[in-house]
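Visitor:
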Amino acid sequence: MAKPKAVDENHQVSPEERFRELVAIREKEKEIEAKLEAARAEAAQRLEEALCEIQQMRAEVERQTREEADRLRSQAVREAEAEAQELLARAEVEAEEIRNQAGGRVGQLVERFKRELFANE
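FYI, the numbering for the sequence shown is 18 to 138, going by my numbering.
1) Could you check what DSSP says for Asn137 in three-state terms: helix, strand or coil?
2) Which residues in the same chain as Leu105 place their Cβ atom closer than 8 angstroms to its Cβ, once the five residues preceding and following it in sequence are excluded?
3) In whole angstroms, give me the CA-to-CA distance for Ala93 and Arg83.
4) What's the C-alpha gap between Arg88 and Glu65?
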């Protein structure tokens, strides 16, 4: 705060001068308060913008995470399907071999049965 003007020790400040000083002080306080309020409003605005930016970043990270999870899931499904196809193909080959072996064995048994049947006649 400003000190009252004192020209010399014998000089007293008149009530009008004191009033003007008080008015000037009050005006300065209002000016400072207005600047402070403006600074608060600016800080609040910057905070709001920062929060909005954080929210946008969070949404982007969530979107990227979902996309990555979907990509990994799809890749795992494709790999599982490929493995299943490979297992199925091997199983079909083995089944064909078993059918061929069984067919050959049946043929041998039929021949044996015929020989035994005709041998007994």
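Cβ atoms here follow ideal geometry from the backbone N, Cα and C, with glycine treated the same way.
Guide: For this structure:
1) By one-based count along the sequence shown, residue 137 stands at place 120. Residue state, collapsed to three classes: coil.
2) Your numbering for residue 105 matches position 88 in the sequence shown. Correct list: empty, nothing qualifies.
3) Within the sequence shown, the letter at position 76 stands for residue 93. Within the sequence shown, the letter at position 66 stands for residue 83. A straight line joining the alpha-carbon of Ala93 with that of Arg83 spans about 15 angstroms.
4) Working through the sequence shown from its first residue, we reach residue 88 at position 71. Working through the sequence shown from its first residue, we reach residue 65 at position 48. Roughly 34 angstroms between the two C-alpha positions.
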